[in-house]
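S.K.:
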Amino acid sequence: MVADTILNFIDGEYVATGKWFDNRTPTTNALIGQVAEAGKAEVDAAVAAARAALKGPWGKMALEKRVELLEALVAEINHRFDEFLEAECADTGKPKSLASHIDIPRGAANFKVFADMVKNVSNEFFEMATSDGLGALNYATRSPVGVVGVICPWNLPLLLMTWKVGPALACGNTVVVKPSEETPRTAALLGEVMNKVGIPKGVYNVVHGFGPNSAGEFLTSHPDVNALTFTGETRTGEIIMKAAANGSRPVSLEMGGKNAAIVFADCNFEAAVEGTLRSAFANCGQVCLGTERVYVERQIFDRFVAAMKAGAEQMKIGVPDDPATGMGPLISKEHQNKVLSYCRLAMEEGATVVTGGGVPDMPGELKNGCWVQPTIWTGLPETARVIKEEIFGPVCHIAPFDSEEEVLAKANDNVYGLSTAIWTTNLARANRVAQKMEVGIAWVNSWFLRDLRTPFGGAKQSGIGREGGVHSLEFYTELKNVCIKL
Ligand code: NAD
Ligand code: 6OD
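In this text, residue positions in the sequence shown follow the numbering used here: the first is 7, and each later residue adds one.
(1) At which residues does the alpha helix (DSSP H) containing Cys95 begin and terminate?
(2) Per the DSSP calculation, Gln40 is bridged to which residue(s)?
(3) Express the C-alpha separation of Phe454 and Ile108 in angstroms, rounding to a whole number.
(4) Looking only at its chain, what residues have a beta carbon closer than 7 Å to the beta carbon of Met333, apart from the 5 residues adjacent to it on each side?
(5) Just checking, does the stretch 457-475 make contact with the stretch 258-268 on the three C-beta pairs under 8 Å criterion?
(6) When we look at the beta-carbon of Lys100 and count the other beta-carbons within 10 Å, is it buried (16 or more) or exposed?
(7) Quick check on the DSSP output: what are the complete beta strand (DSSP E) runs of length 3 or more inside the stretch 75-160, in order along the chain?
(8) From Glu280, Leu69, Thr98, Trp64, pick the residue whose C-alpha is nearest to that of Asp327; which is it?
(9) Taking Glu276 as part of the alpha helix (DSSP H), name the residues at either end of that continuous run.
(10) Straight-line CA distance for Met123 to Leu479?
(11) Please name the residue in Ile447, Lys264, Asp10 whose C-alpha comes closest to that of Val421.
(12) Give the DSSP bridge partners of Tyr210, in chain order.
(13) Determine the extent of the beta strand (DSSP E) in which Ile268 is found, giving its start and end residues.
(14) Evaluate Leu424 with the Cβ neighbour count: other Cβ atoms within 10 Å of its Cβ, from every protein chain shown; 16 or more gives buried, anything less gives exposed.
(15) Rounded to the nearest angstrom, how far is the Cβ of Ala221 from that of Ala44, given a contact under 8 Å?
(16) Out of Ile447, Asn451, Ser452, point me to the one whose CA is closest to Pro461's CA.
(17) Could I get the ranges of all uninterrupted alpha helix (DSSP H) runs contained in the stretch 369-397, with 4 residues as the minimum, in chain order?
(18) List the residues that DSSP assigns as beta-bridge partners of His403.
(19) In the DSSP output, which residue or residues are listed as bridge partners for Leu259?
(20) Let me confirm a value: Asn232 is counted as buried when at least 16 other C-beta atoms fall within 10 Å, else exposed. Which label applies?
(21) From Gly113, Asn432, Ile393, Ile490, pick the residue whose C-alpha is nearest to that of Ala81; which is it?
(22) Using 10 angstroms around the beta-carbon of Met353, count the other beta-carbons present and answer buried if the total reaches 16, otherwise exposed.
(23) Quick one, are the C-beta atoms of Cys349 and Gly370 less than 8 Å apart?
(24) Measuring CA to CA, which of Gly356, Ala357, Ala58, Lys170 is closest to His477?
(25) Is any heavy atom in ligand 2 found nearer than 7 Å to the beta carbon of Trp169?
(26) Select from Ser128, Ser338, Ala59 the residue whose C-alpha is nearest the C-alpha of Glu187.
(27) Just verifying my parser: in three-state terms, what is the DSSP assignment at Leu196?
(28) I want to check one thing, is the minimum distance from the CB of Gly217 to the heavy atoms of ligand 1 below 7 Å?
(29) For Ile205 and Leu75, what's the separation of their Cα atoms in angstroms?
(30) What residue range is occupied by the uninterrupted beta strand (DSSP E) comprising Thr483?
(31) Tell me the residue span of the alpha helix (DSSP H) that contains Ala52.
(32) For ligand 1, is there a heavy atom less than 7 Å away from the beta-carbon of Ile245?
Below, the structure written as structure tokens:
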């Protein structure tokens with residue numbers, strides 16, 4: 007691939023800066039582009055453009071017209087589906103078979119779902135008695151919260167960005183997006199689509215860069231940004247929460263996880279194995295909802311571990327274009343080193359390596375890529391760091407359990423609380439365990455089955471707030487009660 011340049015998108019124009027950073031593709035670690043890093047001046051310009059659009063054409067636009075534009079946006083993303091697919095796979099190295107089913111269609115669908123929701127949602131109304139007998143009427147109205155700063159991660163770049171930009175725009179806000187420095191392409195490309203369909207200039211802005219002392223910090227500390235929505239690591243979320251405290255601004259945080267799967271002996275065995283393989287290894291384990299701890303009822307433990315080993319070893323590791331590829335690389339050399347350091351730590355902590363634990367032997371230029379084998383461990387104590395800390399790679403530990411109480415205690419013994427997957431054919435138990443799990447999202451006999459109208463978010467250190475369906479309205483609008491004395 008020829009190296010190209012990726013620019014900021016401010017007030018409907020592509021903007022270069024004097025400063026560039028490298029864009030590498032993780033399959034080979036080759037340089038494929040140069041990204042224009044936004045400084046304070048560009049972030050200021052983006053926020054000013056977003057403010058002007060809010061006061062101007064976007065703020066004044068009728069809801070019907072806004073919805074029409076967002077529907078046109080969906081159609082145009084789908085029209086340019088292959089360009090988005092190329093861009094996403096170049097940045098992430100993920101299989102096209104995955105990105106063409108999840109990342110790009112969902113990246114588009116996020117605009118449709120929230121446009122539909124905003125168009126159809128009703129607000130509350132209360133009639134009230136008063137002592138003079140005439141009464142009063144209360145009704146609630148919603149207005150945009152304002153200019154929203156959107157800080158994104160690299161694992162599902164377009165999908166997780168539009169998951170926030172979709173509802174933000176549907177509710178009438180304007181946005182300044184800071185994509186991950188690892189994955190700038192699809193956010194930049196979306197600017198072209200915004201212009202093509204006629205979304206007014208300044209509604210959607212993109213500033214590239216890093217966190218501290220770069221575009222991330224300049225955006226989150228900008229006093230004219232009214233709300234901040236973030237997806238990424240918990241320690242970054244905590245920094246952003248502190249930034250949001252200046253000016254008492256609302257913040258929505260979707261953060262890390264160390265999710266547990268619980269597999270009971272009465273499960274549909276094949277479905278549980280298939281689902282757990284997916285939840286551990288899809289997107290090379292770089293899904294916040296992914297499973298890194300698997301607890302299996304002792305009667306089926308050995309059989310389950312053997313089936314997981316067979317499944318992991320059958321998985322084809324390869325490049326995005328190969329339709330047989332089941333797993334791509336990690337996002338970067340830095341992240342590969344982090345995951346490999348946990349592989350070494352697992353050994354030091356006494357793990358048995360069931361499979362994987364290292365770098366696969368890749369041919370030619372792929373040798374330089376950010377690959378890690380799908381890895382399964384057993385035998386670690388619950389106190390091990392590998393059991394406690396988020397690794398965010400294609401790794402899981404499988405442990406046996408003997409009772410529901412025991413597994414609940416172990417599964418909940420973690421600072422994170424994002425999601426769980428429970429595998430059982432006993433519906434009463436499924437519901438009981440789901441209720442007792444300290445998480446925001448519990449799946450039963452499935453994983454990552456997402457209805458976009460449902461609440462999404464994490465408990466404990468996995469997040470603050472819920473987005474999805476009407477819950478997104480709570481964050482992206484200001485709710486006002488009007489009381490009319492009759
Ligand atoms: P990260 O926290 O390193 O970076 C996320 C974004 O924050 C990037 O755009 C980064 O440049 C920016 N950033 C970093 N420091 C900043 C600062 N001081 N101020 C402002 N912005 C700053 O996360 P990541 O490595 O990109 O993503 C992986 C993490 O995201 C994992 O922990 C994963 O669990 C989590 N994640 C959570 C969810 C969820 O829905 N809960 C979804 C996806 C990923
Ligand atoms: O599907 C979604 O809406 C969502 N927010 C998924 C998050 C995946 C995390 O990596």
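Beta carbons are placed, not taken as given, at the ideal position from N, Cα and C, and that holds for glycine.
Since the model is a prediction, treat every value here as computed from it, not as a measurement.
M.R.: Taking the geometry as given:
(1) 87-98
(2) Thr11, Asp28
(3) Within the model, the alpha-carbon separation for Ile108 versus Phe454 is close to 11 Å.
(4) Phe287, Cys290, Met321, Ile323, Pro380, Pro400
(5) yes
(6) By the neighbour-count criterion, in which a residue is buried when 16 or more other Cβ atoms sit within 10 angstroms of its Cβ, Lys100 is buried.
(7) 131-134, 142-150, 153-157
(8) Thr98
(9) Bounds of the alpha helix (DSSP H) holding Glu276 are 275-287.
(10) 9 Å
(11) Comparing Cα positions, the closest option is Lys264.
(12) Val181
(13) 265-269
(14) buried
(15) 4 Å
(16) Among Ile447, Asn451, Ser452, the Cα nearest to that of Pro461 belongs to Ile447.
(17) Within the stretch 369-397, the complete alpha helix (DSSP H) runs of at least 4 residues are 391-394.
(18) His403 has Arg299, Trp383 as its beta-bridge partners, per DSSP.
(19) Beta-bridge pairing links Leu259 to Phe236, Ile470.
(20) buried
(21) Gly113
(22) exposed
(23) no
(24) Lys170
(25) yes
(26) Ser338
(27) helix
(28) yes
(29) 7 Å
(30) 483-491
(31) 46-61
(32) yes
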